[in-house]
Amino acid sequence: MAGQRGAARRTGDAPLAVGSKTFVTRQVCPLQLQSTEDVIELNPPSSWCFRGASGPVVGIAEGRIEPLDDGRRSRVTIALDFEAHGIGKLLVPLVVRRQARRQLPENEQQLKKVLERDG
């Protein structure tokens with residue numbers, strides 16, 4: 106996934122699977138932050154869950170894709186939550202949740218393009 110506000114790529118050459126790690130770059134305000142996320146659930150094409158590996162704010166993103174109308178349409182549900190430690194407890198309500206609300210619609214549009222292209 107690549108976008109104007111961030112990018113993600115798997116580490117290594119092996120196919121993405123539970124236990125894989127992804128390297129993520131995100132634009133947060135004026136900063137570009139880099140982190141690693143673990144794949145903790147992966148059931149293509151219906152569900153996935155990624156969890157941040159470290160840092161003061163750890164994001165947990167779960168996604169579900171449910172086919173509708175015999176596969177002609179789909180319903181995508183994305184749940185995003187955060188675990189905060191130390192300074193992250195201040196950042197989550199002041200910055201992180203607000204930033205996520207702004208970026209999620211853009212990320213959803215990118216996912217829609219990928220699904221429609223590959224579908």
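Residues 106 to 224 (my numbering) make up the sequence shown, in order.
All C-beta atoms in this analysis are idealised placements derived from N, C-alpha and C, irrespective of residue type, glycine included.
If you follow the alpha helix (DSSP H) that residue i is part of, which residue opens it and which one closes it?
{"i": "Gly193", "result": "193–196"}
Going by beta carbon distance, what residues of the same chain come within less than 8 Å of residue i, once the five residues before and after it are set aside?
{"i": "Val179", "result": "The amino acid occupying residue 179 in the given sequence is Ser; Val does not appear at that position. Correct list, in chain order: Ile170, Glu171, Pro172, Leu173, Leu220."}
{"i": "Ala158", "result": "Lys126, Ser140, Thr141, Glu142, Asp143"}
{"i": "Arg202", "result": "Phe187"}
For the beta strand (DSSP E) that residue i lies in, which residues bound it at each end?
{"i": "Val162", "result": "162–173"}
{"i": "Gly157", "result": "152–157"}
{"i": "Val201", "result": "Run containing Val201: none; DSSP gives neither H nor E here."}
Can you give the Cα-Cα distance for residue i and residue j, rounded to whole angstroms?
{"i": "Ser140", "j": "Gly193", "result": "14 Å"}
{"i": "Ser151", "j": "Val197", "result": "29 Å"}
{"i": "Gln208", "j": "Thr127", "result": "19 Å"}
{"i": "Gly160", "j": "Asp175", "result": "42 Å"}
{"i": "Pro120", "j": "Val162", "result": "27 Å"}
Please report the Cβ distance between residue i and residue j, rounded to the nearest whole angstrom; I am assuming they are in contact, meaning their Cβ atoms lie under 8 Å.
{"i": "Glu142", "j": "Trp153", "result": "Between Trp153 and Glu142 the Cβ distance is about 11 Å, and since that is not below 8 Å, they are no contact."}
{"i": "Ala113", "j": "Val129", "result": "5 Å"}
Which residues in the same chain have their Cβ closer than 6 Å to the Cβ of residue i, if we skip the five residues on either side of it in sequence?
{"i": "Ala189", "result": "Val162, Val197"}
{"i": "Met106", "result": "With a pLDDT of only 43 at Met106, under 50, the local geometry of the prediction cannot be trusted, and the value read off the model is given with reservation. Around Met106: Ala113."}
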